[in-house]
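Peer 1: Pasting in a structure now, in structure tokens, and then I'll have a few things to ask.
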């Protein structure tokens, strides 16, 4: 496990939390360049944890995505909009930095299994479900989502496979349909959820209760 962040205080805090969650001491890296070099030389599969105040984690996330290393982003003062931005840029998990220890302990396993993980802490759920609790950055985002249309059973089925990391061709084989049919349904999902990427679609469907992982 690689802990990549420029802020020393954030690294120290997260390292303590990982140890408390039962993980071994992670490899600590403080610059995107060093992370890129480490990932190029690393022979074993690497899991990257980064975070802090968005957009500070973005350079580390981009390096990890280029290296195809699964990445968890832990955000200070996370909002739903920022969490989804992190997912849309390639993170497999976007969580509040103060997520409960049990969730922090489970996130790496879920990510390595190919799942997409979004913050489901009570605070985040309350903020997502209560329009009056949205902060200024979330308000337009939340308003747009409240008008989204419900997904069909087939759309939920396809999105569930996508959430597990299945490609369009893999979904087509699993459901015995054409790839074009899968693309058609995904286009409808994107339109209904007002999103533009697969990660955003999965995250928004989870938030709405159309999908559970």
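In my numbering, the protein residues as written are -13 to 199.
From the three backbone atoms N, C-alpha and C, an ideal C-beta is built for every residue, glycine too.
Roughly how many angstroms separate the alpha carbons of residue 165 and residue 197, rounded to a whole number?
Peer 2: As a working note, residue 165 is residue 179 in the chain shown. As a working note, residue 197 is residue 211 in the chain shown. For residue 165 and residue 197, the distance between alpha carbons rounds to 22 Å.
Peer 1: Using the C-alpha atoms, what's the distance from residue 67 back to residue 120?
Peer 2: Against the chain shown, residue 120 aligns to sequence position 134. Against the chain shown, residue 67 aligns to sequence position 81. Because residue 120 carries a pLDDT of 41, less than 50, the predicted location of this residue cannot be relied on, and the following value inherits that uncertainty. So the alpha carbons of these two residues sit roughly 10 Å apart.
Peer 1: Using the Cα positions of residue 62 and residue -4, report the straight-line distance between them to the nearest angstrom.
Peer 2: Residue 62 sits at position 76 when you count from the first residue of the chain shown. Residue -4 sits at position 10 when you count from the first residue of the chain shown. So the alpha carbons of these two residues sit roughly 9 Å apart.
Peer 1: Take residue 114 and list the residues in its own chain whose beta-carbon comes closer than 7 Å to its own, dropping the five residues that flank it on each side.
Peer 2: Residue numbering aside, residue 114 sits at position 128 when the chain shown is read from its first letter. With a pLDDT of only 38 at residue 114, under the threshold of 50, the placement of this residue in the model should not be trusted; the figure read from the coordinates follows. Answer for residue 114: 66 and 193, listed in chain order.
Peer 1: Would you mind sorting residue 8 into buried or exposed? The rule is 16 or more other CB atoms within 10 Å of its CB.
Peer 2: Within the chain shown, residue 8 is the residue found at index 22, counting from 1. So residue 8 counts as exposed.
Peer 1: I need the DSSP call for residue 82, collapsed to helix, strand or coil.
Peer 2: Here residue 82 refers to the residue found at position 96 when the chain shown is read from its first residue. Three-state result, residue 82: strand.
Peer 1: Just curious, the beta strand (DSSP E) that residue -10 is in, first and last residue?
Peer 2: Position 4 of the chain shown, counted from the start, is the residue given in the question as residue -10. Here the beta strand (DSSP E) through residue -10 covers -12 to -10.
Peer 1: Would you kindly report the start and end of the unbroken beta strand (DSSP E) that includes residue 36?
Peer 2: The residue you call residue 36 lines up with position 50 of the chain shown. Where residue 36 is concerned, the enclosing beta strand (DSSP E) stretches over 34 to 38.
Peer 1: Could you give the first and the last residue of the continuous beta strand (DSSP E) run that contains residue 15?
Peer 2: Counted from its first residue, the chain shown places residue 15 at position 29. Looking at the DSSP string, the run of the beta strand (DSSP E) that includes residue 15 is 13 to 15.
Peer 1: With distance defined between alpha-carbon atoms, name the residue in 76, 12, 140 and 48 nearest to residue 169.
Peer 2: Locating residue 169 in the chain shown gives position 183, counting from the first residue. Of 76, 12, 140 and 48, the residue nearest in Cα terms is 140.
Peer 1: Would you grab the beta carbon distance between residue 96 and residue 85 for me? Rounded to a whole angstrom, and I think it's under 8 Å.
Peer 2: On the chain shown, position 110 is the one that residue 96 refers to. On the chain shown, position 99 is the one that residue 85 refers to. So it is not a contact: roughly 12 Å between Cβ atoms.
Peer 1: What does DSSP give as the partner residue(s) for residue 58 in the beta ladder?
Peer 2: Counting from one through the chain shown, the residue named residue 58 turns up at place 72. According to DSSP, residue 58 bridges with 35 and 79.
Peer 1: Looking only at DSSP bridge pairs, what is residue 104 linked to?
Peer 2: Along the chain shown, read from residue 1 onward, the residue named residue 104 stands at position 118. Paired residue(s): 80.
Peer 1: I'd like to know if the stretch 50 to 61 and the stretch 14 to 33 are in contact, where contact means that at least 3 CB-CB pairs between them fall below 8 Å.
Peer 2: The stretch 50 to 61 is in contact with the stretch 14 to 33.
Peer 1: What residue from 45, 94, 74 and 40 has the CA that sits closest to residue 12's CA?
Peer 2: Locating residue 12 in the chain shown gives position 26, where the first residue counts as 1. Taking only the C-alpha atoms, the option nearest residue 12 is 94.
Peer 1: Determine the DSSP secondary structure at residue 28, reduced to helix, strand or coil.
Peer 2: Along the chain shown, one-based indexing puts residue 28 at 42. Three-state DSSP puts residue 28 in coil, outside helix and strand.
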